[in-house]
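Last residue of the sequence shown: 161 in this note's numbering, with the numbers rising by one and none dropped.
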Amino acid sequence: EVLVDALRSMGWRNSPCEPDVWYRDAGSYYEFICVFVDDLLIASKRNEDVHDDIKRLFTVKGGEFPSYYLGADLERVENPNTGKEILTMSCKTYLKNVIPRIEKKMQEVTGDAKLSRTKIL
Numbered sequence: 041e042v043l044v045d046a047l048r049s050m051g052w053r054n055s056p057c058e059p060d061v062w063y064r065d066a067g068s069y070y071e072f073i074c075v076f077v078d079d080l081l082i083a084s085k086r087n088e089d090v091h092d093d094i095k096r097l098f099t100v101k102g103g104e105f106p107s108y109y110l111g112a113d114l115e116r117v118e119n120p121n122t123g124k125e126i127l128t129m130s131c132k133t134y135l136k137n138v139i140p141r142i143e144k145k146m147q148e149v150t151g152d153a154k155l156s157r158t159k160i161l
C-alpha cells in the first residue's frame with residue numbers, strides 16, 4: 041500500500057487490465073512502471089527522472105538498464121523503419137537453459153534428442 045499511495049501521489053494510475061502496470065500521461069507520450077513485488081521496471085523517455093522521483097521516497101538499488109527482468113531478456117535496439125531506439129523482450133536465456141533439459145528428457149524417453157539440431161539465435 042505504501043508504494044501504491046506514493047505512485048498515485050506522483051500522478052501514476054494502475055491499469056484496469058493489469059494492476060501491476062502503472063502509467064501516466066507525460067504530455068506527448070505515456071510513461072510506464074511495471075511492478076513485481078519489490079522490482080520496478082520503468083519505461084519512459086525520462087527513465088532517470090522517474091527513478092530519481094522514486095529514490096526520493098524509497099531506498100532503491102539498481103537504476104541501470106536491466107538485461108533481464110522476470111524471466112525475459114531485455115535489449116534496446118534500433119527500429120530499422122524509424123531509426124528510433126525501441127525496447128525488445130525475448131526468452132533467449134530461458135530457452136538456452138530449458139532446451140538442454142528437454143533434450144535430456146527426450147533422450148531418456150525416446151532415445152533421440154532431436155532438439156539438439158535447433159539453433160537459437
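Even glycine gets a Cβ: it sits at the ideal position worked out from N, Cα and C.
- Under the three-state reduction of DSSP, Leu47 is assigned to helix.
- Per DSSP, the beta-bridge partners of Thr128 are Glu115.
- Non-local beta-carbon contacts of Phe76 in its own chain, meaning distances under 7 Å to residues more than five positions away in sequence, involve Asp60 and Leu110 in chain order.
- Excluding its 5 nearest sequence neighbours in each direction, Ser55 has C-beta neighbours in its own chain below 6 Å: Val61, listed in chain order.
- In the three-state scheme derived from DSSP, where H, G and I count as helix and E and B as strand, Asn54 is classed as strand.
- Counted as a single uninterrupted DSSP element, the alpha helix (DSSP H) harbouring Arg96 occupies residues Asn87 to Leu97.
- Cβ atoms of Leu97 and Ala46 come within 8 Å of each other, at about 5 Å.
- The Cβ neighbour count for Val90, taken over all protein chains shown within 10 Å, is at least 16; the residue is labelled buried.
- Per DSSP, Asp152 lies in no beta strand (DSSP E) segment and is marked neither H nor E.
- Annotated three-state conformation of Glu104 is coil, per DSSP.
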